[in-house]
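Protein chains in written order, with the working numbering: chain A, 1 to 342; chain B, 343 to 684.
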């Protein structure tokens, strides 16, 4: 039984996309789970009414599985994170995360300002010991199974020990959320040999080799779309947040470029989109911020109702599988301490 | 009139691909230009005979525009660069670059061991003052015009001042080789605002803003396939060699992944390949190593005869347009000195 707080005001298409996503989620989830819409309650109620009179009329029976909690302030997408969370303690972001921190619900989901969500999650949920910042995880669709890539942008200057921490966080995530037993962890680098790379990745390679994780060596850029490196199929790939963010945004933009060229050449768009469906990010919904003492799910600002519903299901899964507690144990264990102090 | 030395033994498909590429190039180039095949002369002559008896019989009349220079040793693709160039002074790589350094020819082209080519070019051609290593340039196909991206792997730990040097090198390249007047230079980063990024890119942003270059601000990963950022169409994007190499290899692998999915879904391969032709790297041939006092063109190890021929034409263009001399002037000028010492 999980109670999920959803930032109803967060995202480019809020509150229409968030309200509709919440409806889709409760319609599909076991009735034991519930969703709390956090935001300006009058607007949320009105949006709910409109959705149930219009496109989502078939879901009217699920309305009473949605709760609404009022939060009068809104953190805009472009606001500076630390200033915004100080200036707007009654924003949907802060109210929703405070409910989670105080035990009134079990997880928080937002498609709003990612930096603010990270800052507010650090303040209200707090980090596990030994971490400086949480990591943003992302799922890369590949030719084989999807691969967990982190950090995707929270940590732009990383030490080798921090990359090892990402490896531990990612391995727990791959196990709990994707069902990968003994996840294979690779290190993003610019050559397959151990001695290749920059100063940080060379050191990280040595630390990962003795980390107790199932480390399968360096991963080159070309191995990411393939889903395997020279040695193994991949479950987790670690990198600093600068390169992770650059490649993630690049990946998101390459597919539309190619689809555009194919459509321009007269190939049928529906068949193209069908063929490339496994590369579609929105299928994977949101991603948990890893390293905080709770479940804080980050969604893309452009999230559709379907993506919001997927993210709510990810939150339920994270709660059910005790993802945060497992991460805490892994970081506190003898291996975790070794990684953090190496 | 340019005389191009080609490493006949370099590359995954040498000497067949290099010999055939040289034939294609002289058949298409103005007769004033010539190509010197450097390598094991008996094998080269035999490969030439076979090519002219077989697939390339129509090119027989161009054989006498090819010279052959013997070099008995071969640097293999997997050899350690610095050890290989010391151990094999009579390799095709070293002999060809020495001919260029001594003025017996005007440029050198290889699809062989890239690290060895870089090391040998530094030793034999030497760097312009103020540089620690040359930069590898690569051309990213985009939805608009191709964009020059550097460094693509030679420099994995870069200072902000080095990123500014790459910007100067790339701007000269874009002007001389791609005909871009006053090239727009962007900085690969993880947000469009000046204050975003890691320690190095934040400092580089400030230096580039006062560099005298046409600096158009930060470029996010998603801007690369688009060919423009929030401010401008892009001609040059600078980044350290770690992230440049990771994204380049990622890009090279994403297209085949997508094509594979589309073909599997029953879409016609020939029409797909036709539609995506503008994304094909081999159309652009090789890329000069920037910063050495000469023309040293790096080709992909997998180069086809067509890619080798393109690279030879790139070499001719670099010689004709005085690319290396222009780079030397730009680095020695008041702007160059400012960038190097900032």
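Backbone N, C-alpha and C define an ideal beta-carbon position, used for all residues, glycine too.
Fair warning: this is a prediction, and the values are worked out from it, not measured in the lab.
Distance cut-off 7 Å: residue i Cβ against heavy atoms of the ligand HEM
i, result
"residue 285 (chain A)", "Among the components of this structure there are no ligands whatsoever, and the ligand HEM is therefore not found."
Where the alpha helix (DSSP H) through residue i begins and ends
i, result
"residue 454 (chain B)", "Here residue 454 (chain B) belongs to no alpha helix (DSSP H), and DSSP marks it neither H nor E."
"residue 82 (chain A)", "81-87"
"residue 159 (chain A)", "Unbroken run through residue 159 (chain A): none, as it is neither H nor E."
"residue 567 (chain B)", "565-568"
"residue 602 (chain B)", "583-606"
"residue 669 (chain B)", "665-674"
"residue 142 (chain A)", "Counting along the chain, residue 142 (chain A) falls outside any alpha helix (DSSP H), and DSSP gives it neither H nor E."
"residue 575 (chain B)", "Premise fails: residue 575 (chain B) is in no alpha helix (DSSP H) and is neither H nor E."
"residue 97 (chain A)", "92-101"
Cβ-based neighbour list, residue i, same chain, cut-off 8 Å, excluding 5 preceding and 5 following
i, result
"residue 499 (chain B)", "582, 584"
"residue 547 (chain B)", "529, 531, 536, 539, 559, 560"
"residue 200 (chain A)", "158, 159, 160, 163, 240"
"residue 575 (chain B)", "486, 487, 526, 569"
"residue 663 (chain B)", "518, 519"
Residue-level contact to chain B via CB, residue i, 8 Å cutoff
i, result
"residue 143 (chain A)", "yes"
"residue 166 (chain A)", "no"
"residue 347 (chain A)", "Within the shown structure, residues of chain A are numbered from 1 to 342, placing residue 347 (chain A) beyond reach of any answer."
"residue 123 (chain A)", "no"
"residue 12 (chain A)", "no"
"residue 157 (chain A)", "yes"
"residue 197 (chain A)", "yes"
"residue 133 (chain A)", "no"
"residue 243 (chain A)", "yes"
"residue 249 (chain A)", "yes"
"residue 318 (chain A)", "no"
Short CB-CB distance (under 8 Å) between residue i and chain A
i, result
"residue 600 (chain B)", "yes"
"residue 495 (chain B)", "yes"
"residue 536 (chain B)", "no"
"residue 524 (chain B)", "no"
"residue 673 (chain B)", "no"
"residue 594 (chain B)", "yes"
"residue 532 (chain B)", "yes"
"residue 528 (chain B)", "no"
"residue 460 (chain B)", "no"
"residue 613 (chain B)", "yes"
"residue 603 (chain B)", "yes"
Boundaries of the beta strand (DSSP E) in which residue i is found, first to last residue
i, result
"residue 61 (chain A)", "Taken as a continuous stretch (DSSP letters only), residue 61 (chain A) belongs to no beta strand (DSSP E), as it is neither H nor E."
"residue 349 (chain B)", "345-349"
"residue 298 (chain A)", "296-298"
"residue 303 (chain A)", "Counting along the chain, residue 303 (chain A) falls outside any beta strand (DSSP E), and DSSP gives it neither H nor E."
"residue 381 (chain B)", "376-381"
"residue 363 (chain B)", "First-last for residue 363 (chain B): 358-370, but that is the alpha helix (DSSP H), not the beta strand (DSSP E)."
"residue 528 (chain B)", "526-530"
"residue 237 (chain A)", "236-238"
"residue 556 (chain B)", "556-561"
"residue 147 (chain A)", "147-150"
"residue 207 (chain A)", "Note, residue 207 (chain A): premise wrong, no beta strand (DSSP E); alpha helix (DSSP H) at 199-209."
"residue 287 (chain A)", "287-290"
Own chain partners of residue i with C-beta closer than 6 Å, once the 5 adjacent residues on each side are dropped
i, result
"residue 81 (chain A)", "115, 116, 119"
"residue 390 (chain B)", "361"
"residue 231 (chain A)", "216, 217"
"residue 426 (chain B)", "417, 458"
"residue 318 (chain A)", "288, 295"
"residue 411 (chain B)", "378, 380"
Sequence-distant residues of its chain with Cβ nearer than 7 Å to residue i (five each side left out)
i, result
"residue 322 (chain B)", "This structure leaves residue 322 (chain B) out entirely; chain B is present only between 343 and 684."
"residue 79 (chain A)", "113, 116"
"residue 135 (chain A)", "150, 151, 154, 155, 166, 169, 290, 291"
"residue 16 (chain A)", "47"
"residue 444 (chain B)", "none"
"residue 262 (chain A)", "272"
"residue 249 (chain A)", "none"
Would you list, in chain order, the members of the segment 549-580 of chain B that have their beta-carbon closer than 8 Å to a beta-carbon of chain A? 562, 563, 564, 565, 566, 567, 568
Would you say the segment 643-653 of chain B touches the segment 288-296 of chain A, given that touching needs at least three Cβ pairs under 8 Å? no
Pair every Cβ in the segment 317-337 of chain A with every Cβ in the segment 176-187 of chain A, then say whether three or more of these pairs are closer than 8 Å. yes
Counting beta carbon pairs with one atom in the segment 124-143 of chain A and one in the segment 223-238 of chain A, are three or more of them shorter than 8 Å? yes
Using 8 Å as the Cβ pair cut-off and three pairs as the minimum, do the segment 506-515 of chain B and the segment 552-562 of chain B touch? yes
Residues of the segment 285-313 of chain A with a CB closer than 9 Å to any CB of chain B: list them in chain order, please. none
Contact set between the segment 438-456 of chain B and chain A, restricted to residues whose Cβ is under 7 Å from the partner: none
Between the segment 3-17 of chain A and the segment 34-47 of chain A, do three or more beta carbon pairs fall short of 8 Å? yes
Taking any Cβ of chain A, which residues in the segment 406-434 of chain B have a Cβ under 8 Å from it, in chain order? none
Taking one C-beta from the segment 370-388 of chain B and one from the segment 432-441 of chain B each time, how about it: are there three or more such pairs within less than 8 Å? yes
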